[in-house]
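Trainee: Oh and the sequence shown: position 74 is 73 in numbering that gives the first Met the number 0, straight run, nothing missing.
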Amino acid sequence: MRADRDWLQFDCALSYGLVEYLRTLDMLKQHGWSASRCIPHGGHQMSLNIAAGLGLGGNESYPDLFQPYGGFPDGVKVDNGFITMPELPGIGFEGKSDLFAEMQKLSA
Numbered sequence: 000m001r002a003d004r005d006w007l008q009f010d011c012a013l014s015y016g017l018v019e020y021l022r023t024l025d026m027l028k029q030h031g032w033s034a035s036r037c038i039p040h041g042g043h044q045m046s047l048n049i050a051a052g053l054g055l056g057g058n059e060s061y062p063d064l065f066q067p068y069g070g071f072p073d074g075v076k077v078d079n080g081f082i083t084m085p086e087l088p089g090i091g092f093e094g095k096s097d098l099f100a101e102m103q104k105l106s107a
């Protein structure tokens with residue numbers, strides 16, 4: 000594999016969350032890879048927010064699939080293939096009213 004042109008795609012949720020993803024990024028850095036060559040797999044809010052928070056190379060997203068977990072926070076529009084993440088507290092699902100409502104039901 001070529002660190003200057005290949006892309007790496009790991010699923011944040013299936014690779015044991017943020018802490019293990021950070022360990023993976025550290026190992027990659029030791030082998031000459033930039034975090035900007037990583038594009039998380041998954042199409043869900045966890046990957047989206049990890050990609051934004053860590054400044055990764057992008058994120059695999061399916062705006063109309065995997066609802067209410069997929070897509071983007073409420074009001075976010077795709078512009079020429081890019082989005083701007085809103086400044087919100089929390090871990091990611093708080094910006095999607097339908098997903099937040101689902102999480103509230105689960106915690107009731």
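Beta carbons are placed, not taken as given, at the ideal position from N, Cα and C, and that holds for glycine.
Computed from a predicted structure; not experimentally measured.
Ignore the nearest five residues each way along the sequence and tell me which others in T23's own chain have a CB closer than 8 angstroms to its CB.
Mentor: Here residue 23 corresponds to residue number 24 of the sequence shown, with the count starting at 1. Same-chain partners within the cutoff: F9, S14.
Trainee: On a Cα-Cα basis, can you pick out the residue from L21, L17, A34, P72 that is closest to P88?
Mentor: Along the sequence shown, read from residue 1 onward, the residue named residue 88 stands at position 89. Closest option to P88, Cα to Cα, is P72.
Trainee: May I have the straight-line CA-CA distance separating E58 from A107, to the nearest angstrom?
Mentor: Here residue 58 refers to the residue found at position 59 when the sequence shown is read from its first residue. Here residue 107 refers to the residue found at position 108 when the sequence shown is read from its first residue. The question names Glu, but residue 58 in the sequence shown is Asn. For N58 and A107, the distance between alpha carbons rounds to 31 angstroms.
Trainee: Alpha carbon to alpha carbon, how far is I90 from M45? Give it in angstroms, no decimals.
Mentor: Indexing the sequence shown from 1 puts residue 45 at position 46. Indexing the sequence shown from 1 puts residue 90 at position 91. One C-alpha to the other measures close to 7 angstroms.
Trainee: Could you spell out the range, first to last residue, of the alpha helix (DSSP H) harbouring G16?
Mentor: Residue mapping note: residue 16 aligns to position 17 of the sequence shown, counting from 1. From DSSP, the alpha helix (DSSP H) with G16 extends over 16-29.
Trainee: Comparing C-alpha positions only, which one of L47, L17, G56, A51 sits nearest to R36?
Mentor: Counting from 1 along the sequence shown, the entry for residue 36 is found at position 37. Measuring from the Cα of R36, the nearest candidate turns out to be G56.
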